[in-house]
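Residue numbers (full-length UniProt numbering), protein chains in the order written: chain A, 1 to 254; chain B, 1 to 968.
For glycine and all other residues, C-beta sits at the position ideal for the given N, C-alpha and C.
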Amino acid sequence: MASVPRSFLLLSIIPTILILCADFACCNTGRKTGDGLDTDFSGFSVPLEHSFQVDDVSRFRMRGALQLRGGRETSVSLSQSQLSEEDRNTLKVGEEVAAVDGLYKIRVPRVSLTDRQTERQMDGYLTAFVRACSLVESHLSDVITLHTDVSGYLIGVSIVTIPGACRGTEVEDEVDLEAFNTTLTIIAPTNAPQPETALFIERMDIEHEKRGKPQEQKSFFAKYWMYIVPLVLFLMMSGAQDQSGGGAANGGGR
Amino acid sequence: MKPPAKMSKPTSLFVIFFSLFVMSEAVFEDQVGKFDWRQQYVGKTLFAHFDSHSQSSKKLFLATDKNIFASFNSRTGDLFWRHVDKVGPEGTIDILLLHGQDALMVVGGGRLLRSWDTNMGGLNWEAVLDTGSFQAACFVAIQDTVKHVAVLKKAVISLHYLTNGHQKWVENLPDSDTVQYQAVYSGGEEEVYVLGVVPNSHLTIIAYSLEDGEIIKQRSVEAPWLSSVESSCVVIGQGVLMCVDPATLALYTLPIQAEEAPQFNQILLQVTPVQPRLEVSLGFQPVLVSSQPHPARSPISEFFLQLGPDHHVLLQLNADGYTIAALRDFQPAFLVSFATTGEKTVAAVMTPKNETVSLQKKKKRFNNICFFKDSVVFPPQLYVHAFLKKDDSVGYRVLVQTQDHALTFIQQPGRVVWTREEALADVVTMEMVDLPLTGTQAELEGEFGKKADGLFPMVLKRLSSQVILLQVWLAHLWKLFYEARQPHGQVKNEVTIETLSRDEFNLQKMMVMVTASGKLFGIDSKSGSILWKHYLENVQPNAVFKLIVQRTTAHFPHPPQCTLLIKDKDTGLASLHVFNPIFGRKSHIAPPALPRPILQSLLLPVIDQDYAKVLLLVDDQYKVTAFPSTKNVLQQLQEMASSIFFYLIRSDQGNLSGFRLRKDLSTERIWEVVLPTEVQKIVAVNGKRPNEHVHSQGRVMGDRSVLYKYLNPNLLAVVTESTDAHPERAFVGVFLVDGVTGRIIHEAVQRKARGPVHFVHSENWVVYEYWNTKSRRNEFSVLELFEGTELYNSTVFSSLDRPHLPQVLQQTYIFPSPITTMEATLTEKGITSRHLLVGLPSGAILSLPKMFLDPRRPEVVTEHSREENLIPYAPEMPIRTEWFINYNQTVARVKGIYTAPSGLESTCLVVAYGLDIYQTRVYPSKQFDVLKDDYDYVLISSVLLALFFATMISKRLAQVKLLNRAWR
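1) What separation, rounded to the nearest whole angstrom, lies between the Cα atoms of Q636 (chain B) and I106 (chain A)?
2) Whose C-alpha, out of B:K774, B:G584 and B:T821, is nearest the C-alpha of residue 974 (chain B)?
3) When the cut-off is 9 Å and only beta carbons count, does T951 (chain B) lie next to chain A?
4) Between which two residues does the beta strand (DSSP E) holding W532 (chain B) run?
5) Taking DSSP as the reference, what is the three-state secondary structure of R754 (chain B)?
6) Please work out which residues of its chain come closer than 6 Å, Cβ to Cβ, to N265 (chain B), disregarding the five sequence neighbours upstream and downstream, and give them in chain order.
7) Anyone know if the C-beta pair for V734 (chain B) and A725 (chain B) falls short of 9 Å?
8) What does F731 (chain B) touch in chain A if you count any residue whose Cβ is under 7 Å from its own?
9) Return the CA-CA distance between W671 (chain B) and V618 (chain B), expressed in angstroms with no decimal places.
10) Counting only Cβ pairs nearer than 8 Å, list the residues of chain B close to R59 (chain A).
11) Can you list, in chain order, the residues of the region 806-828 of chain B whose Cβ is nearer than 7 Å to any Cβ on chain A?
12) Going along the region 98-130 of chain B in order, which residues come within less than 8 Å of chain D, judged by CB to CB distance?
13) In its own chain, which residues sit with a C-beta less than 7 Å from the C-beta of F35 (chain B), not counting the 5 before and 5 after it?
14) Using 8 Å as the Cβ pair cut-off and three pairs as the minimum, do the region 940-951 of chain B and the region 63-73 of chain B touch?
15) Which residues in the same chain as L249 (chain B) place their Cβ atom closer than 6 Å to its Cβ, once the five residues preceding and following it in sequence are excluded?
16) How many Å lie between L963 (chain B) and D936 (chain B) at the Cα?
17) Would you mind listing the beta strand (DSSP E) stretches within the region 102-142 of chain A that are 3+ residues and don't spill past its ends, in chain order?
18) Go ahead and pull the three-state DSSP assignment for N28 (chain A).
19) Output the boundary residues of the beta strand (DSSP E) element that contains Q635 (chain B).
20) When you check each C-beta in the region 852-873 of chain B against every C-beta of chain A, which residues fall closer than 8 Å?
21) Quick one: list the residues of chain A neighbouring I744 (chain B), beta-carbon separation under 7 Å, in chain order.
22) Any beta-carbon of chain A closer than 9 Å to the one on T890 (chain B)?
23) Going straight from the alpha carbon of L809 (chain B) to that of A844 (chain B), what length do you get?
24) My output table needs one value for D117 (chain B): the three-state DSSP class, helix, strand or coil.
25) Check distances from the C-beta atoms of the region 119-143 of chain A to those of chain B and list, in chain order, the residues that come in under 8 Å.
26) Is the separation between the beta-carbon of R397 (chain B) and that of V384 (chain B) shorter than 9 Å?
27) Please work out which residues of its chain come closer than 7 Å, Cβ to Cβ, to Q257 (chain B), disregarding the five sequence neighbours upstream and downstream, and give them in chain order.
28) Would you please verify whether the beta carbon of Q680 (chain B) is less than 9 Å from any beta carbon of chain A?
29) Need the endpoints of the beta strand (DSSP E) that M432 (chain B) sits in, please.
30) Would you say the region 180-187 of chain A touches the region 817-831 of chain B, given that touching needs at least three Cβ pairs under 8 Å?
31) Would you mind telling me which residues of chain A sit closer than 7 Å to Y642 (chain B), beta carbon to beta carbon, in chain order?
32) Excluding the five sequence neighbours on either side, which residues of its own chain have a C-beta within less than 6 Å of the C-beta of H147 (chain A), listed in chain order?
33) I need the straight-line Cα distance from D85 (chain B) to T131 (chain B), nearest angstrom please.
34) Please identify the residue among B:G830, B:Q697, B:V128 and B:A684 whose C-alpha is closest to the C-alpha of G788 (chain B).
35) If we ignore side chains and look at the alpha-carbon of each, how far apart do H405 (chain B) and E422 (chain B) end up?
36) Shorter than 9 Å from the beta carbon of I162 (chain A) to some beta carbon of chain B?
Pasting the structure below:
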């Protein structure tokens, strides 16, 4: 029975490693702005839109294009232009958005990374937000994460800035607000572990062998023969005596 | 696989050590029932029979909508025994018939025929019936002895022996695709009659021979007015079929046994020579009620005709079989019933009398005998038992099932012997509320609440309250002294609503339970006695409830306040019921009108000037209604609007979205996560409990560094199941989503797994249980989130400012049993270690130490892990019987477990509800803050005294010595 769990162990380890590798690769492929566009034909691009308005009505405008490449190793890169003078003003100079607890929102359309051939357009967007003030204070350095599900659909997007706090510090340098300093990652679900029966049994076996062997191999008789043999001998002797004694008694009775 | 018994020595020793460590929570024999109680219920009665087998019998037999067959003691209302069958249509009880000592039952829509021994509750026999939906069943008697039972199904009639359940014969019914066979009748002759109807065309009567099932006669009678035999026809007198036609308001009679081509005889209600005139209420379908006292004899010729919701007429069929005579008109009368003993038959009528309901019984003399003074709740069922007394007069017992699922037993002079609140068999949700302080305590508390009015009055006030306290203390001492002189056990502490007050350690609380029938209960958690009940009328059967504690008892003199949100599942329309949880009284505060369907309700930590927390209700246009909506509240909301976030989940669309409140109480959608429904569907979403405290921010590891927990109060655990049910491709998804920012913190997929998923989300961990489709077993998985060895911002947590994702650790274990529900223990300050309370299908409640569900359990034992007290990893989770907190008090069909902290840090109050209710206390880390019962006070005080005197004496001696030395 031990062989089954062992192969099972291998099977359970392999996906974990694969996922780890995939994750690692994902992290690496997060590209900074300004990287050249990937001229990969299997990839496709979706728009990344953003909105930062004083009045709470969202008006999304183009921020950049996400280059997505599905398949075994999904990767993503972002090409985006600099913020226009007007946008910068809305964000910073007016300090309106930041001052009134304004939110900076981004959205991407719902797409599938693997199922591109069908060209099925799903309606709706995935939206995320970050406080506008923290975006300004972090000098537009943000981390955008795309989440996919098991079958490669984009299910969520998140944006955080580093640092994420709003301390109310003034951003003096206009240049700091020109270009986004974006880190982009794509995260697929991890495989939750299965009960580690194989490893446990293996460990038990090893420990067993280590300490159990010399003692267990000796049988009961082998261990205690020195007590058993005299006992048996004694019993036999006394039994024989009894028999002879009994016989004698019987004989006497007749 | 090797059995776990063959563990290596150190490992097993280690495990044994830990099990010893946690084992001591099992109860001692003398503690049974001291801190816990159980109440058993059966549900709403469908069929009830009195045991008329022997004169002195005190048994009652009930079959209920919860698929339970039970026997009660009619003197006390206690349960003798009960049989809990499967849930759902497989276990439904179609009919219960009682004859002598045998109770016959058709179960599961005509799947099984069972016979029970009513004495002991044992199963006599069980017979599997042919397929087909059940229609009717009756006993068949021949020559005054009942030997058979006939079961009518859609297309088949079968006859079974009563003694062993064997089938005597089975016959297919002719033309069963067009004729709807609905009734079976036997009047003690050689034939069994089956009545079928082709709606609005004709009636079919088939007579089967009792001997071999041969069709003796088969006739059809024109009846274009008849649509259903079941609802409009009864058999009365010498085999006369009596039907009522609501359209023409006429009664039709037909002798069943008639030989030649029969015809219905019409009796028009309007033209009958009956006084008063029989008139049917508008739009009411008249109902006939008759009685067949013994299967070997024909039914009695008297019958009731119900003409309106509260109008009944007692009629009699004359001997000619064609004409009727009215005996008495009962208006108003809600319920009627017949009962027979020997040769005497009584009719019971329940009439409302000036807001009370009275019962009347009659034969020829009309006498009111019972007064049922409880409520005006419309009663849907009435069961009467008549028996002959020693002086040959007729005695009565009555069982009334009311609409609020209460079962009341009434003795002859109108005395309510007992009442069972069967609504508690279906508890939907509950809360535990602290009891109020006593008057004097409240007086003291009130002192702080009042505005300062000068120094001198304040001092006077303080002095007076101190005097009152002293008085109370002296009274308490006197009581203690008095009680100590009484022999133990005679002191009885009756709990009534007036004497309710908080105990020293807040161990006694008020359990507010909401049941599916719309009845609310206030139950004392110490004794289990029902202190108040309130029936909400007009609650739809498919309503969902949410109970919210808006103000606790802590804000004297403001009374505590609970709000029940009742939402119709189909329309989404909701209403609020605001009440005082201690007394059950409806509050005078008017709840807001909610014209639009409600999507979500959320309780804010914002309080109004009366210390009530603000409840926000979001409607389908994402507009927000606040309750209470005073000016103060609205102003606070406006100020805080930009920091009030909430989420909505539409599981049918796989959509999770977040909103932020605007100043004008409209909302703004700020994030959106969509899980495609083609791949997976959301089955459950769970946040953390708002009243949960976490004492330690991190865990100290073996190398003395601290691993900080990721304690995000806004974290949501979202569990999904794959739409693909194939065992190889099925999966369970676990998403941890921040409820404010919509950020997916963690996303994991459990492959080859299927629901039902049960999970608990607390502190920094999520525990879930699922079915492994590959290995075909239940498995537990635990996820723990850690920030790492450094905290990002140790002073305050903000979802908006936590850029780094936490580290996620996960481990999975095999659990050797399926589970039905799961909850975690909760204590006042969160210092006590946590246990998981797992409800098992067997009715046991397992208290599983969280220590066993720790993803940091090491594969290989190291110095560090030993330092940390980590149990080495073992793939199988043990179930120890000492961990069953309810020892042998099993809770049938556990549906939910509620935990509440008590005033003692070590103690957690637990209520498990399902069919039964079980209340107990658990001590996850033992009673570290309580002295033992057998603590030796005498020894410790004598030692202290001795030490004190020794010090005094030695001090004196030392002084003397010093003096002597000085003189020298």
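In terms of the structure at hand:
1) 30 Å
2) Look at the range of chain B in this structure, 1 to 968, and you will see that residue 974 (chain B) is not part of it.
3) no
4) First-last of the beta strand (DSSP E) with W532 (chain B): I530 to Y535.
5) strand
6) T253 and Y322
7) no
8) The CB of F731 (chain B) comes closer than 7 Å to the CB of V150 in chain A, given here in chain order.
9) Rounded to whole angstroms, W671 (chain B) and V618 (chain B) show a C-alpha spacing of 17 Å.
10) Chain order gives no chain B residues near R59 (chain A), where near means a beta carbon separation below 8 Å; the closest approach is about 13 Å.
11) Correct list: Q810, Q811, T812, Y813 and I814.
12) Structure shown: chain D not included; protein chains present are A and B.
13) Setting aside the 5 residues that flank it on each side, F35 (chain B) is surrounded in the same chain by T920 and R921, each with a C-beta closer than 7 Å to its C-beta; the list follows chain order.
14) no
15) Answer for L249 (chain B): L269 and V280, listed in chain order.
16) 41 Å
17) 103-109 and 125-131
18) In this prediction, N28 (chain A) scores a pLDDT of 34, lower than 50, which makes its location untrustworthy; the coordinate-derived value is nonetheless stated afterwards. N28 (chain A): helix per DSSP, three-state reduction.
19) Segment K631 to M640 is the alpha helix (DSSP H) holding Q635 (chain B); no beta strand (DSSP E) there.
20) E859, V860 and Y873
21) H147, G156 and S158
22) no
23) 30 Å
24) strand
25) Against chain B - using a Cβ distance shorter than 8 Å - the residues of the region 119-143 of chain A are M122, G124, Y125, L126, T127, A128, F129, V130, R131, S134 and V143.
26) yes
27) G239
28) Chain A, which has a Cβ nearer than 9 Å to the Cβ of Q680 (chain B), makes this yes.
29) Residues V427 to D434.
30) no
31) Checking the sequence shown, residue 642 (chain B) turns out to be Ser, not Tyr. Going along chain A in sequence order, the residues near S642 (chain B) (Cβ under 7 Å) are D101.
32) I155, G156 and I187
33) 20 Å
34) Of all alpha-carbon atoms in B:G830, B:Q697, B:V128 and B:A684, the one lying nearest the alpha-carbon of G788 (chain B) is that of B:Q697.
35) Between H405 (chain B) and E422 (chain B), the alpha-carbon positions lie close to 5 Å from each other.
36) Yes, its Cβ sits closer than 9 Å to a Cβ of chain B.
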